[in-house]
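Student: Numbering (the numbering used here), first residue to last: 64 to 445. We put the beta carbon where it would ideally sit given N, CA and C, even for glycine.
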Amino acid sequence: MIDFTLTDEQEALRELAHDFAEREIRPVAWHYDRDATFPREIIDRAWEVGLMNLYVPESYGGPGLGYLDGTLIEEEMSWGCSGIQTSIGCNSLAITPLLLAGSEQLRRTYLERVTQSPVLASFCITEPAAGSDVAALSTRAVRRGHGYVISGSKCFITNGGYAGFYTVFAKTDPAAGHRGISCFIVPREAGVVVDGHEDKMGQRASNTATVTFPDVEIPADHLVGAENEGFRIAMMTLDRTRPGVAAMATGIARAAFEFAVSYARERVQFGVPIASHQAIQFMIADMATEIEAARLLAWKSAVLIDQGARNTLLSSHAKRFAADIAMKVATDAVQVYGGYGFIKDYPVEKLMRDAKIMQLYEGTAQIQRIVIAREVLEGARG
Ligand SMILES: Cc1cc2nc3c(=O)[nH]c(=O)nc-3n(C[C@H](O)[C@H](O)[C@H](O)COP(=O)(O)OP(=O)(O)OC[C@H]3O[C@@H](n4cnc5c(N)ncnc54)[C@H](O)[C@@H]3O)c2cc1C
Numbered sequence: 064m065i066d067f068t069l070t071d072e073q074e075a076l077r078e079l080a081h082d083f084a085e086r087e088i089r090p091v092a093w094h095y096d097r098d099a100t101f102p103r104e105i106i107d108r109a110w111e112v113g114l115m116n117l118y119v120p121e122s123y124g125g126p127g128l129g130y131l132d133g134t135l136i137e138e139e140m141s142w143g144c145s146g147i148q149t150s151i152g153c154n155s156l157a158i159t160p161l162l163l164a165g166s167e168q169l170r171r172t173y174l175e176r177v178t179q180s181p182v183l184a185s186f187c188i189t190e191p192a193a194g195s196d197v198a199a200l201s202t203r204a205v206r207r208g209h210g211y212v213i214s215g216s217k218c219f220i221t222n223g224g225y226a227g228f229y230t231v232f233a234k235t236d237p238a239a240g241h242r243g244i245s246c247f248i249v250p251r252e253a254g255v256v257v258d259g260h261e262d263k264m265g266q267r268a269s270n271t272a273t274v275t276f277p278d279v280e281i282p283a284d285h286l287v288g289a290e291n292e293g294f295r296i297a298m299m300t301l302d303r304t305r306p307g308v309a310a311m312a313t314g315i316a317r318a319a320f321e322f323a324v325s326y327a328r329e330r331v332q333f334g335v336p337i338a339s340h341q342a343i344q345f346m347i348a349d350m351a352t353e354i355e356a357a358r359l360l361a362w363k364s365a366v367l368i369d370q371g372a373r374n375t376l377l378s379s380h381a382k383r384f385a386a387d388i389a390m391k392v393a394t395d396a397v398q399v400y401g402g403y404g405f406i407k408d409y410p411v412e413k414l415m416r417d418a419k420i421m422q423l424y425e426g427t428a429q430i431q432r433i434v435i436a437r438e439v440l441e442g443a444r445g
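Set out below in structure tokens:
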């Protein structure tokens, strides 16, 4: 039987996240966006109240939440500010490879690092010449003595400037294409170099940096899973994190929708609130339907993970649809505001800028459609 009722614990988690977003994030979000301020204190407070590292099992000091629980939290936090939530949630992306394939010793060392203090971690796959085409990455990992030497550079790395360690995908067998990629944990103190921070259109509170590994030596046991298993680990990681991105997109859309509804009730033109005009009502109606649908897809793709089922198709459905509707809803919210929507003193232009990244990171809108088409046309593959 399908039952969309949340448990008392899930309702409490949602309330905790909503209160946090309302008290800690909303009051500063537009200032942090304007000045591109990194939200270090907010991250520390989120860590203190248990809104970070959501999927780390209790045995490593984490809250051990399920993925449906995670979508509830990600939607509320992103309703507050998706840029700040991107920085808070980034650890979950970076440590998923450890949860999926890390040795017990590696898990204990690095999962306890993030649960014992608010240490940040980054997920490093993208390179200047390898974005959607992950197999084209050129960072090398060469076995030397008792370790590996990592050399190369990664771009667009969320929290890269502030991370204590990095989950890095590098070629161990360059001739083997995507079958020659391995995954490593690289502690910052091993010699990682961070170059600058991108000045972004949206999500300006999150840190996005270039991270370079100039012949960085790490112990051999910092390999996550087996050699040349990295591509599979990366794809399995994205299956697990895309429901969360879909929930974040839903949160942005909901924020834009709420602003649009209250503005439509207040703004009077032609002697009536603009909410009385059917053209505005239809925009509001479409927003409401699309937000419901995006949330349901995010939930379904997360529930499949909680059930131990393969969710590749559903996670791409959810991420693709929610990202596209976040962009549409935020753009329509600007339309509802009219000229004021274009002015920075009003809240919705930020949401339109923030929404755009949802169609880009963790697989672009086109890449999601490629995954969906492949899954539909070729059938599910293990
Ligand atoms: C703010 C921000 C944060 C990020 N955080 C991280 C992070 O923490 N870690 C990380 O590793 N990366 C991160 N990224 C990188 C992000 O995942 C990539 O930007 C994204 O995967 C797209 O790669 P690209 O930018 O190189 O675009 P490209 O791959 O060059 O794509 C350009 C365009 O071509 C399209 N395209 C490409 N290939 C195809 C195809 N086969 N068919 C049809 N269309 C195609 C794309 O959809 C896109 O529209 C981040 C990026 C940003 C902007």
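1. Just verifying my parser: in three-state terms, what is the DSSP assignment at V274?
2. Taking the beta strand (DSSP E) that R416 belongs to, which residues open and close that run?
3. Less than 8 angstroms separating the beta-carbons of D258 and T235?
4. To the nearest angstrom, how far is the alpha carbon of Q344 from that of V399?
5. Return the chain-ordered list of same chain residues with a C-beta closer than 7 angstroms to the C-beta of I296, the five sequence neighbours on each side being excluded.
6. Expressed to the nearest angstrom, what Euclidean distance is found between the alpha-carbon atoms of S201 and P191?
7. Who are Q332's beta bridge partners in DSSP?
8. Considering only heavy atoms of ligand 1, does any lie closer than 7 angstroms to the CB of C187?
9. What three-state label does DSSP hand Y400 in the structure shown?
10. Give the single residue among H340, S378 and A418 whose Cα lies nearest to the Cα of A319.
11. Considering only the alpha carbon of each residue, which of A436, I368, V439 and G404 lies closest to Y118?
12. Return the CA-CA distance between Q332 and S339, expressed in angstroms with no decimal places.
13. Would the C-beta of T172 count as close to ligand 1, meaning under 7 angstroms from any of its heavy atoms?
14. Over what stretch of residues does the beta strand (DSSP E) that includes I430 continue unbroken?
15. Quick check on the DSSP output: the alpha helix (DSSP H) that includes F83 runs from which residue to which?
16. Checking the sheet assignment: what are the DSSP bridge partners for C246?
17. Count the other CB atoms, across all protein chains shown, that sit within 10 Å of the CB of K131; report buried if there are 16 or more and exposed otherwise.
18. For the putative contact between A356 and F101, defined by C-beta atoms under 8 angstroms, what is the C-beta separation to the nearest angstrom?
19. What separation, rounded to the nearest whole angstrom, lies between the Cα atoms of Y276 and L128?
20. Between I420 and ligand 1, is the CB less than 7 angstroms from at least one heavy atom?
21. F405 to E280, Cα distance in whole Å?
22. Should the stretch 133-142 be regarded as contacting the stretch 169-176, the criterion being three or more beta carbon pairs within less than 8 angstroms?
23. Among T300, A193, S185 and A389, which residue has its Cα nearest to the Cα of F149?
24. How should G307 be labelled, buried or exposed, when 16 other C-beta atoms within 10 angstroms of its C-beta is the threshold for buried?
25. So, is V439 buried or exposed, given that buried needs 16 or more other C-beta atoms within 10 angstroms?
26. Could you please give the first and the last residue of the uninterrupted beta strand (DSSP E) stretch that includes A204?
27. I'd like the span of the beta strand (DSSP E) that includes S214, first residue to last.
28. Below 8 angstroms, how does it come out for the stretch 103-116 and the stretch 226-240: are there three or more Cβ pairs, yes or no?
29. Please classify A75: is it buried, with 16 or more other beta-carbons within 10 angstroms of its beta-carbon, or exposed?
30. Express the C-alpha separation of E290 and A198 in angstroms, rounding to a whole number.
31. In terms of DSSP beta bridges, what is A184 paired with?
32. Do F232 and I188 have their C-beta atoms within less than 8 angstroms of each other?
33. Given this structure, state the Cα-to-Cα distance separating S364 from L301, to the nearest angstrom.
Tutor: In short:
1. V274 falls in the strand class under three-state DSSP.
2. Premise fails: R416 lies in the alpha helix (DSSP H), V411 to M421, not in any beta strand (DSSP E).
3. Between D258 and T235, the C-beta spacing is not below 8 angstroms.
4. Each residue's CA atom was taken as its position, placing Q344 and V399 some 10 angstroms apart.
5. P160, L163, A164, C246, V287 and G288.
6. Rounded to the nearest angstrom, the two C-alpha atoms are 10 angstroms apart.
7. For Q332, DSSP records a beta bridge to V335.
8. For ligand 1, at least one heavy atom lies less than 7 angstroms from the Cβ of C187.
9. Helix.
10. Comparing Cα-Cα distances from A319 to each of H340, S378 and A418, the minimum goes to A418.
11. Comparing Cα positions, the closest option is I368.
12. Separation of Q332 and S339 (C-alpha to C-alpha, rounded to the nearest whole angstrom) is 10 angstroms.
13. False, no ligand heavy atom lies under 7 angstroms from that Cβ.
14. That residue, I430, is in no beta strand (DSSP E); its alpha helix (DSSP H) goes A428 to E441.
15. F83 -> alpha helix (DSSP H) spans D71 to F83.
16. Among the bridge pairs identified by DSSP, C246 is matched with F232 and V287.
17. Residue identity differs from the one stated: residue 131 is Leu in this sequence, not Lys. Buried, by the Cβ-count rule.
18. Actually they are not in contact, since the Cβ atoms of A356 and F101 sit about 34 angstroms apart, beyond 8 angstroms.
19. Reading the sequence as shown, one finds Phe at residue 276 and not Tyr. Per the coordinates, the alpha-carbon of F276 lies some 33 angstroms from the alpha-carbon of L128.
20. True, at least one ligand heavy atom lies under 7 angstroms from that Cβ.
21. A straight line joining the alpha-carbon of F405 with that of E280 spans about 50 angstroms.
22. Counting Cβ pairs under 8 angstroms, fewer than three are found: no touch.
23. For the record, residue 149 in the displayed sequence is Thr; it is not Phe. Looking at T300, A193, S185 and A389, the one whose alpha-carbon comes closest to that of T149 is S185.
24. G307 comes out buried.
25. With fewer than 16 other CB atoms across the displayed protein chains lying within 10 angstroms of its CB, V439 is exposed.
26. First-last of the beta strand (DSSP E) with A204: R203 to R207.
27. Note, S214: beta strand (DSSP E), G210 to T221.
28. Taking 8 angstroms as the limit for Cβ pairs, the verdict is that the stretch 226-240 does not touch the stretch 103-116.
29. Burial state of A75 is exposed, judged by a 10 Å Cβ sphere holding fewer than 16 other Cβ atoms.
30. If you take the alpha carbons of A198 and E290, they lie about 15 angstroms apart.
31. Here A184 is bridged, per DSSP, to F228.
32. Cβ atoms of F232 and I188: closer than 8 angstroms.
33. As the crow flies, the alpha-carbon of S364 is around 12 angstroms from that of L301.
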